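A.B. asks: I have a structure I would like to understand better, so I am pasting it below and will then ask my questions one at a time.
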Amino acid sequence: MNTHTMKMVTIICEALAREPILRLLKQAGAHGFTLFRVEGAGDKGVRTADMEEFSNIQIQVIVPPDVAEKLLARLEKEFFSRFGIVVYESDVRVLRPHKF
Amino acid sequence: MNTHTMKMVTIICEALAREPILRLLKQAGAHGFTLFRVEGAGDKGVRTADMEEFSNIQIQVIVPPDVAEKLLARLEKEFFSRFGIVVYESDVRVLRPHKF
Amino acid sequence: MNTHTMKMVTIICEALAREPILRLLKQAGAHGFTLFRVEGAGDKGVRTADMEEFSNIQIQVIVPPDVAEKLLARLEKEFFSRFGIVVYESDVRVLRPHKF
Numbered sequence: 001m002n003t004h005t006m007k008m009v010t011i012i013c014e015a016l017a018r019e020p021i022l023r024l025l026k027q028a029g030a031h032g033f034t035l036f037r038v039e040g041a042g043d044k045g046v047r048t049a050d051m052e053e054f055s056n057i058q059i060q061v062i063v064p065p066d067v068a069e070k071l072l073a074r075l076e077k078e079f080f081s082r083f084g085i086v087v088y089e090s091d092v093r094v095l096r097p098h099k100f
Numbered sequence: 101m102n103t104h105t106m107k108m109v110t111i112i113c114e115a116l117a118r119e120p121i122l123r124l125l126k127q128a129g130a131h132g133f134t135l136f137r138v139e140g141a142g143d144k145g146v147r148t149a150d151m152e153e154f155s156n157i158q159i160q161v162i163v164p165p166d167v168a169e170k171l172l173a174r175l176e177k178e179f180f181s182r183f184g185i186v187v188y189e190s191d192v193r194v195l196r197p198h199k200f
Numbered sequence: 201m202n203t204h205t206m207k208m209v210t211i212i213c214e215a216l217a218r219e220p221i222l223r224l225l226k227q228a229g230a231h232g233f234t235l236f237r238v239e240g241a242g243d244k245g246v247r248t249a250d251m252e253e254f255s256n257i258q259i260q261v262i263v264p265p266d267v268a269e270k271l272l273a274r275l276e277k278e279f280f281s282r283f284g285i286v287v288y289e290s291d292v293r294v295l296r297p298h299k300f
């Protein structure tokens, strides 16, 4: 199979950060995303998934390396001080790289 | 720890594609899977997780490299033109490789 | 961006194993976790996400390599014979490594 290495950027954050993050993904050039609700605990304490507005969400986006770089830089600069947020990047191999 | 590198194949698709994809996983030799509902947006527009039959699902399966290869080939040939679908592969390290 | 490679340990298990696993994560030195409900099938049969107490959960935790090693060893020793459980490890790159 002819696969291509891309970056997956995963963002785990307060549900309150949803709209500004989706806007940022679009501005940075991401063509799609996946989102689901999660429970979590970190240095801000425990968050359950029971109440929508207080729950955490996990957002995943597959992008070329240069877009990933841009995303991480803007997330760090614009979101880390304002929201409970964890961001990580990993390598994935996709078919049809022009889709991302 | 004695870990073994395997392939994780992740499939994000319309809930409608669920049964044919689970059948394909079985035929290709996968021994298990994980599945959960997600929201998403891609080049087919936005999908929320509110209505089960219109939502997207994310399916994850851990398999040996040869099974991953076979899976990707069949997904591309049999599903890409019929369903809204994203497929990617990544490396994971497992204990008890005989389980996969 | 100044990213740091860490280990993500993913645990897919019966919901019944939730509390002992969260205790283990804490004891092993993990500073946070993400958890969500999944459906799955493996060599123990199919599990749906409909009934909370019988469903499976997926737990993700990002830790330094030495903590990952300790976690895998204890999961293998203390959980594999008692619960339906799948564990895998992968590499992720994070900002702010002191958080993990």
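If you read the sequences in order, they're chains A, B and C.
Position 57 (the first sequence) corresponds to 57 in this note's numbering; numbering is contiguous.
Position 81 (the second sequence) corresponds to 181 in this note's numbering; numbering is contiguous.
Position 45 (the third sequence) corresponds to 245 in this note's numbering; numbering is contiguous.
Using N, Cα and C, we set each Cβ at its ideal position, and we do this for glycine too.
From a predicted model like this one, the values you see are computed outputs, not experimental measurements.
(1) For the region 271-300 of chain C, which residues have a CB atom closer than 9 Å to at least one CB atom of chain A, in sequence order?
(2) For the beta strand (DSSP E) that contains Lys107(B), what are its first and last residues?
(3) Which residue wins for smallest C-alpha separation from His98(A), given the options Glu69(A), Gly32(A) and Phe79(A)?
(4) Return the residue from the list Asn2(A), Val92(A), Val87(A) and Leu95(A) that minimises the CA-CA distance to Asn202(C).
(5) Would you list the one or two residues that DSSP bridges to Gln158(B)?
(6) To the nearest whole angstrom, what separates the beta carbons of Val163(B) and Glu289(C), a pair I think is in contact under 8 Å?
(7) If Val67(A) sits next to Gly29(A), beta carbons under 8 Å apart, how far is it from one beta carbon to the other, in whole angstroms?
(8) Could you list the residues in the region 17-33 of chain A with a C-beta less than 7 Å from some C-beta on chain B, going in chain order?
(9) Quick one: residues in its chain with C-beta nearer than 6 Å to the C-beta of Glu71(A), no 5 flanking neighbours on either side, listed in chain order?
(10) My output table needs one value for Ala241(C): the three-state DSSP class, helix, strand or coil.
(11) Can you give me the C-alpha to C-alpha distance between Val94(A) and Leu222(C), rounded to a whole angstrom?
(12) Under the rule that 16 or more other beta-carbon atoms within 10 Å means buried, what is Ala73(A), buried or exposed?
(13) Quick one: Cα of Leu75(A) to Cα of Glu278(C), how far?
(14) Is Arg93(A) helix, strand or coil when you go by DSSP?
(15) If we define contact as Cβ-Cβ less than 8 Å, is Ala215(C) a contact residue for chain B?
(16) Report whether the distance from the Cβ of Cys113(B) to the nearest heavy atom of the ligand MG is below 7 Å.
(17) Per DSSP, which one or two residues make a beta bridge with Ile85(A)?
(18) Measure the C-alpha to C-alpha separation of Cys113(B) and Ile157(B) and round it to an integer number of angstroms.
(19) Report the rounded CA-to-CA distance for Ala15(A) versus Thr105(B), giving the unit in angstroms.
(20) When the Cα atoms are used, what is the spatial distance from Glu239(C) to Ile211(C)?
(21) So, under 8 Å CB-CB, Ile185(B) and Ala141(B) are touching, yes? Tell me the CB distance rounded to an integer number of Å.
(22) Considering only the beta carbon of each residue, do Phe36(A) and Arg137(B) sit closer than 8 Å?
(23) Counting along the chain, where does the alpha helix (DSSP H) carrying Ala30(A) start and finish?
C.D. replies: Checking against the coordinates, here is how it stands:
(1) From the region 271-300 of chain C, only Ser290, Asp291, Val292, Arg293, Val294, Leu295, Arg296, Lys299 and Phe300 have a Cβ closer than 9 Å to chain A.
(2) His104 to Glu114
(3) Gly32(A)
(4) Val87(A)
(5) Gln158(B) pairs with Ile112(B) and Phe136(B).
(6) Going by Cβ atoms, the distance from Val163(B) to Glu289(C) rounds to 16 Å, so no, they are not a contact pair.
(7) The Cβ separation is near 5 Å, so the contact holds.
(8) Within the region 17-33 of chain A, those residues whose Cβ lies closer than 7 Å to any Cβ of chain B are, in chain order, His31, Gly32 and Phe33.
(9) The sequence given here has Leu at residue 71(A), not Glu. These residues qualify, in order along the chain: Val9 and Ala28.
(10) strand
(11) Their backbone Cα atoms lie some 33 Å apart in a straight line.
(12) exposed
(13) 39 Å
(14) Note: Arg93(A) maps to strand in three-state DSSP.
(15) no
(16) Of ligands this structure carries none, so the ligand MG is not represented either.
(17) Cys13(A)
(18) Using only the alpha carbons, I get a separation of about 6 Å.
(19) 34 Å
(20) 13 Å
(21) 14 Å between Cβ atoms; not a contact.
(22) For Phe36(A) and Arg137(B), yes; Cβs fall inside 8 Å.
(23) Ala30(A) -> no alpha helix (DSSP H), and no H or E assigned at all.
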